[in-house]
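Everything on this sheet refers to the single structure shown next.
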Amino acid sequence: MTTNINGMCPEIIMICGALIVMLMGLSRNDTVRRSTLGVAVASLILAFIAALRIGGIGTSAGWTLWPLATYDTLLASGVGILTILCSAGMPFGNEPEKPDRNYRGEYFALMLTSLAGVSMIGKTTNLIWLFLALELVSIPTYIMVATGRSNTPAQEAGIKYFFLGALSAAIYLFGFSYLYGFAGSTSYVAITAAFHAALATGHLPYVAIIGLIMVVIGIAYKIAAAPLHYYAPDVYQGAATPVTAFLSFAPKATGFFALIMVFNLTGWRLSGGTARVVPDLLIVLAVLTMFVGNVLALLQRNIKRMLAYSSISHSGYMLVGLAVGPFAAGNSPASGISATLFYLGGYSIMTVGAFAALTYMQGKSDAAEDLDDIAGIAGEHPFMAACMAVCLFSLIGMPGTIGFLGKLFIVQSALAGGHAVLAVLVVINAAIAAAYYLRIVAAMYIREPWSPFAVRQSTTLKAGALLGAVLTVFFGIFPALLFHQSNSSAAAVRSLVLNPPAGGIVEPVSRRATGRLLKSPLPAVAPTAAAISKP
Amino acid sequence: MDYALIIATALGAIALYLLLPRGRANMVKLGGLASVLAMGVGITYLIHWTAAAHAGHTGIIENLFFYAFAALALVSAAGVVCHPKPLYAALYFVLMTLAVSGLFIMLMAEFIAVVLIIIYAGAILVTYVFVIMLASQGGQTPAAQYDTNSSDGFMAVFVSFVLLGTVLQAIFCAGPAGFMHSLPAPHAVAHGLGSLEVLGANLYSRYALPLELAGILLTISLVGAVMIARKNEPVAHVLGTGDLPAE
Chain A
1 MTTNINGMCP
11 EIIMICGALI
21 VMLMGLSRND
31 TVRRSTLGVA
41 VASLILAFIA
51 ALRIGGIGTS
61 AGWTLWPLAT
71 YDTLLASGVG
81 ILTILCSAGM
91 PFGNEPEKPD
101 RNYRGEYFAL
111 MLTSLAGVSM
121 IGKTTNLIWL
131 FLALELVSIP
141 TYIMVATGRS
151 NTPAQEAGIK
161 YFFLGALSAA
171 IYLFGFSYLY
181 GFAGSTSYVA
191 ITAAFHAALA
201 TGHLPYVAII
211 GLIMVVIGIA
221 YKIAAAPLHY
231 YAPDVYQGAA
241 TPVTAFLSFA
251 PKATGFFALI
261 MVFNLTGWRL
271 SGGTARVVPD
281 LLIVLAVLTM
291 FVGNVLALLQ
301 RNIKRMLAYS
311 SISHSGYMLV
321 GLAVGPFAAG
331 NSPASGISAT
341 LFYLGGYSIM
351 TVGAFAALTY
361 MQGKSDAAED
371 LDDIAGIAGE
381 HPFMAACMAV
391 CLFSLIGMPG
401 TIGFLGKLFI
411 VQSALAGGHA
421 VLAVLVVINA
431 AIAAAYYLRI
441 VAAMYIREPW
451 SPFAVRQSTT
461 LKAGALLGAV
471 LTVFFGIFPA
481 LLFHQSNSSA
491 AAVRSLVLNP
501 PAGGIVEPVS
511 RRATGRLLKS
521 PLPAVAPTAA
531 AISKP
Chain B
536 MDYALIIATA
546 LGAIALYLLL
556 PRGRANMVKL
566 GGLASVLAMG
576 VGITYLIHWT
586 AAAHAGHTGI
596 IENLFFYAFA
606 ALALVSAAGV
616 VCHPKPLYAA
626 LYFVLMTLAV
636 SGLFIMLMAE
646 FIAVVLIIIY
656 AGAILVTYVF
666 VIMLASQGGQ
676 TPAAQYDTNS
686 SDGFMAVFVS
696 FVLLGTVLQA
706 IFCAGPAGFM
716 HSLPAPHAVA
726 HGLGSLEVLG
736 ANLYSRYALP
746 LELAGILLTI
756 SLVGAVMIAR
766 KNEPVAHVLG
776 TGDLPAE
């Protein structure tokens with residue numbers, strides 16, 4: 001591990017926050033238990049500040065891509081705050097009047113640990129570390145789905161998500177093991193060197209190709225790319241809405257950062273010979289994902305299912321950026337990686353904002369899910385309806401919102417990379433998507449209410465939805481901040497790929513070195529063992 | 536393309552499909568015949584391949600333990616998915632673990648071999664058996680259909696054997712893209728990486744950070760397991776603080 005421990009400061013803050021929150025959740029005092037939300041938000045704010053401050057540390061240290069890592073951490077902690085604001089009053093009990101708050105501390109602790117995992121992906125320097133970070137994101141989400149609300153659909157969703165998630169973990173672990181077999185080491189530096197050597201000869205061995213395909217497929221599950229999207233609608237619908245918001249952000253961000261890390265190993269130069277199948281696979285996944293997500297979303301009446309399919313389709317747009325790669329369009333924001341990262345940030349903000357507004361509208365019972373349930377809600381709750389509408393317009397890609405710029409960059413990158421067909425397909429899909437988002441807006445504003453609304457009155461939720469909507473518009477008009485981050489990350493990826501770090505296989509600590517290690521700090525190993533065995 | 540490998544894979548797929556437990560006509564004999572044929576073709580291919588790679592030296596005697604453990608692992612793995620009684624399937628799983636750890640010992644990875652036995656055959660299997668015993672109480676009633684029949688057997692067999700066939704073709708394909716030409720020198724054994732001493736030193740020096748991460752991961756999974764398993768009682772009963780105001 002060459003990474004400076006200082007660089008891990010934000011993750012350490014998040015995990016300490018998780019432990020504190022977990023202990024506070026056990027308190028007998030109700031006020032202490034309620035303040036867990038505040039502590040969770042505070043630790044994320046601290047992590048955000050820490051990420052901004054340590055951004056430059058160790059810029060030359062080996063493999064780590066600091067701009068990318070910083071963007072990852074800022075995204076995890078920033079959008080993490082939004083998702084926590086969304087979770088006011090979680091987990092939801094059976095009886096709305098008598099909420100059972102047993103698991104409050106644990107719930108936020110799970111969330112913080114998962115976010116620490118998301119924030120860590122960009123800093124990994126080793127496949128083992130990458131695998132553990134991916135699992136650190138996933139395992140808390142399985143538990144959050146199953147316990148987020150106490151009804152049968154939530155448990156069914158939890159089981160489905162857990163089994164399929166474990167299967168996908170097995171698949172990408174299989175891929176990692178083949179990459180290890182290919183390079184003889186799990187360290188990124190060594191694997192990069194092995195890929196360079198192999199690609200220079202023009203023959204990428206099958207062991208590397210199989211490994212890459214397995215990794216892409218396993219991670220495609222995390223980002224809910226078709227045809228591995230089957231779980232998404234059921235899980236998104238079964239989970240409590242704040243958990244759904246978290247699921248639409250955390251695993252996706254993880255998946256895209258992990259894919260970028262893995263493709264960095266290959267130098268993004270898989271266009272020749274047998275290696276061609278991998279970029280082709282990305283293109284096929286992108287096209288399938290866009291169409292499956294958008295066309296199936298048209299058929300839904302349940303808002304959560306609709307948003308689930310919408311999140312699938314947004315993965316498709318981001319995959320287009322990945323398929324284009326870092327080289328097209330040079331240093332402009334239209335480079336594939338920069339466009340994907342920008343889109344990821346924008347998508348996370350707008351989709352979590354939409355889910356925050358939806359949680360508010362669904363009321364205490366968390367039951368209102370059909371389009372009819374929110375028909376005409378704008379008359380009674382104009383503020384939340386407006387927040388929801390802004391986020392939905394951004395998801396459509398209306399000018400003036402962040403969603404528009406995201407789509408613009410993706411299309412530009414596809415054109416610059418010579419994938420004109422992909423660019424046309426993105427535009428067609430944006431048009432299809434407008435239809436179902438506008439159905440939600442129309443239901444809120446045009447239709448008459450047919451039953452009284454029971455909203456979840458909570459200032460925290462209102463703050464979450466407002467923050468989401470405001471950021472959506474703010475970054476839509478002043479994109480420079482987000483843009484600077486995504487662009488410098490892409491530039492770092494490019495410079496790393498063009499000048500890969502020198503360094504052969506990192507040798508594991510050998511037997512001789514072990515002898516030295518064991519001798520100095522632990523002089524009395526053998527006598528102790530003898531002393532134990534005597535009586 | 537190696538036709539012998541394709542034949543072995545296809546025969547294996549047919550065998551496994553026939554052996555999968557089903558309510559209707561039992562094809563165990565036919566399946567058994569197919570599996571014997573598949574293993575015969577596979578082993579013959581391996582012996583020929585070794586002979587070709589080592590200038591006529593078949594290496595049957597040196598590799599006798601490999602063939603024995605590998606065959607045992609295959610048969611017991613098939614037993615895990617094919618036996619209609621869950622408890623027997625679990626015991627086949629123990630057998631498979633033992634066979635695989637035998638293979639690990641032959642690769643000089645003693646630590647992994649022992650850990651495999653301790654964790655899988657010891658800890659995890661005991662849990663499985665407990666779950667099976669607790670879940671299937673009342674041995675008199677015939678087991679439910681979903682417990683005895685395999686669902687979607689065809690798709691499962693098809694997908695897994697297509698994957699197996701692809702990987703096998705890639706491993707045994709000749710030329711610069713094949714496995715045998717691309718694998719790096721096995722320096723793990725040279726450094727004694729399988730031994731406990733080296734493993735411990737690596738875990739606490741080079742891999743200290745992933746080790747800590749694994750600790751956090753296990754902690755959070757434990758908390759989650761308790762959360763899921765615990766009965767969901769209102770907080771007032773658990774903590775004795777009286778009724779809570781709503782929000």
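Residue numbers (this note's numbering), protein chains in the order written: chain A, 1 to 535; chain B, 536 to 782. Every residue, glycine too, gets a C-beta built ideally from N, C-alpha and C. All figures in this text were calculated on a predicted structure; none of them were measured in a lab.
Can you give the beta carbon distance from residue i to residue j, rounded, assuming they're within the 8 Å contact cut?
i: residue 84 (chain A); j: residue 32 (chain A); result: About 17 Å; that fails the 8 Å criterion.
i: residue 229 (chain A); j: residue 292 (chain A); result: 6 Å
i: residue 601 (chain B); j: residue 615 (chain B); result: That pair is no contact at about 21 Å.
i: residue 547 (chain A); j: residue 190 (chain A); result: For residue 547 (chain A) there is no data in the structure shown, the boundaries of chain A being 1 and 535.
i: residue 44 (chain A); j: residue 14 (chain A); result: 7 Å
i: residue 537 (chain A); j: residue 119 (chain A); result: Only positions 1 to 535 of chain A appear in the structure, and residue 537 (chain A) is not among them; the question remains open.
i: residue 379 (chain A); j: residue 449 (chain A); result: 7 Å
i: residue 68 (chain A); j: residue 495 (chain A); result: That pair is no contact at about 11 Å.
i: residue 261 (chain A); j: residue 396 (chain A); result: About 31 Å separates the two Cβ atoms, so there is no contact after all.
i: residue 279 (chain A); j: residue 137 (chain A); result: About 26 Å; that fails the 8 Å criterion.
i: residue 323 (chain A); j: residue 422 (chain A); result: 7 Å
i: residue 302 (chain A); j: residue 432 (chain A); result: Not a contact, Cβ separation roughly 18 Å.
i: residue 692 (chain B); j: residue 552 (chain B); result: 5 Å
i: residue 327 (chain A); j: residue 483 (chain A); result: Going by Cβ atoms, the distance from residue 327 (chain A) to residue 483 (chain A) rounds to 19 Å, so no, they are not a contact pair.
Measuring only the C-alpha atoms, how far is residue i from residue j?
i: residue 468 (chain A); j: residue 474 (chain A); result: 10 Å
i: residue 546 (chain B); j: residue 209 (chain A); result: 27 Å
i: residue 505 (chain A); j: residue 732 (chain B); result: With a pLDDT of only 41 at residue 505 (chain A), under the threshold of 50, the placement of this residue in the model should not be trusted; the figure read from the coordinates follows. Answer to the nearest angstrom: the Cα atoms are 21 Å apart.
i: residue 647 (chain B); j: residue 170 (chain A); result: 18 Å
i: residue 30 (chain A); j: residue 129 (chain A); result: 38 Å
i: residue 199 (chain A); j: residue 409 (chain A); result: 30 Å
i: residue 22 (chain A); j: residue 140 (chain A); result: 13 Å
i: residue 613 (chain B); j: residue 82 (chain A); result: 49 Å
i: residue 569 (chain B); j: residue 403 (chain A); result: 57 Å
i: residue 462 (chain A); j: residue 360 (chain A); result: 7 Å
i: residue 46 (chain A); j: residue 358 (chain A); result: 28 Å
i: residue 456 (chain A); j: residue 763 (chain B); result: 26 Å
i: residue 201 (chain A); j: residue 338 (chain A); result: 30 Å
i: residue 666 (chain B); j: residue 758 (chain B); result: 20 Å
i: residue 335 (chain A); j: residue 417 (chain A); result: 8 Å
i: residue 386 (chain A); j: residue 740 (chain B); result: 54 Å
i: residue 511 (chain A); j: residue 736 (chain B); result: The predicted position of residue 511 (chain A) is uncertain, since its pLDDT is 46 and thus under 50; a value taken from the coordinates is nonetheless stated next. C-alpha separation (whole angstroms): 9 Å.
i: residue 158 (chain A); j: residue 167 (chain A); result: 14 Å
i: residue 51 (chain A); j: residue 618 (chain B); result: 54 Å
i: residue 788 (chain B); j: residue 734 (chain B); result: Past the boundaries of the shown model lies residue 788 (chain B); chain B is included only from 536 to 782, so the question cannot be answered.
i: residue 299 (chain A); j: residue 398 (chain A); result: 22 Å
i: residue 577 (chain B); j: residue 540 (chain B); result: 7 Å
i: residue 312 (chain A); j: residue 439 (chain A); result: 18 Å
i: residue 701 (chain B); j: residue 197 (chain A); result: 25 Å
i: residue 538 (chain B); j: residue 592 (chain B); result: 22 Å
i: residue 738 (chain B); j: residue 746 (chain B); result: 7 Å
i: residue 195 (chain A); j: residue 65 (chain A); result: 18 Å
Would you list the one or two residues that DSSP bridges to residue i?
i: residue 302 (chain A); result: A:370
i: residue 187 (chain A); result: A:126
- What residue ranges within the stretch 331-406 of chain A form continuous alpha helix (DSSP H) runs of no fewer than 4 residues, ordered along the chain? 336-362, 377-380, 382-396
- Query: If you measure beta-carbon to beta-carbon, which residues of the stretch 135-151 of chain A are closer than 9 Å to chain B?
  - Reply: 135, 136, 139, 140, 142, 143, 144, 146, 147, 150
- Output the residue ranges of the beta strand (DSSP E) runs that lie fully inside the stretch 64-137 of chain A and measure 3 residues or longer, sorted by chain position. none
- alpha helix (DSSP H) runs wholly inside the stretch 202-247 of chain A, at least 4 long, in chain order: 206-222, 231-238
- Closer than 9 Å, Cβ to Cβ, to anything on chain A: give me those residues from the stretch 752-764 of chain B, in chain order. Residues 752, 754, 755, 756, 758, 759, 760, 761, 762, 763.
- Going along the stretch 447-468 of chain A in order, which residues come within less than 9 Å of chain B, judged by CB to CB distance? Cβ contacts with chain B: 456, 457, 458.
- At 4 residues or longer, and completely inside the stretch 613-647 of chain B: list those alpha helix (DSSP H) runs for me, N to C. 621-641
- Could you name the residues of the stretch 611-638 of chain B whose beta carbon sits closer than 8 Å to any beta carbon of chain A, in the order they occur along the chain? Listed by position along the chain: nothing, the set is empty.
- Query: Can you list, in chain order, the residues of the stretch 635-663 of chain B whose Cβ is nearer than 8 Å to any Cβ on chain A?
  - Reply: none
- Message: Which runs of the alpha helix (DSSP H) at least 4 residues long sit entirely within the stretch 401-463 of chain A? Give them in chain order.
- Response: 402-416, 420-445
- Can you list, in chain order, the residues of the stretch 203-216 of chain A whose Cβ is nearer than 9 Å to any Cβ on chain B? Within the stretch 203-216 of chain A, those residues whose Cβ lies closer than 9 Å to any Cβ of chain B are, in chain order, 203, 204, 205, 206, 207, 208, 209, 210.
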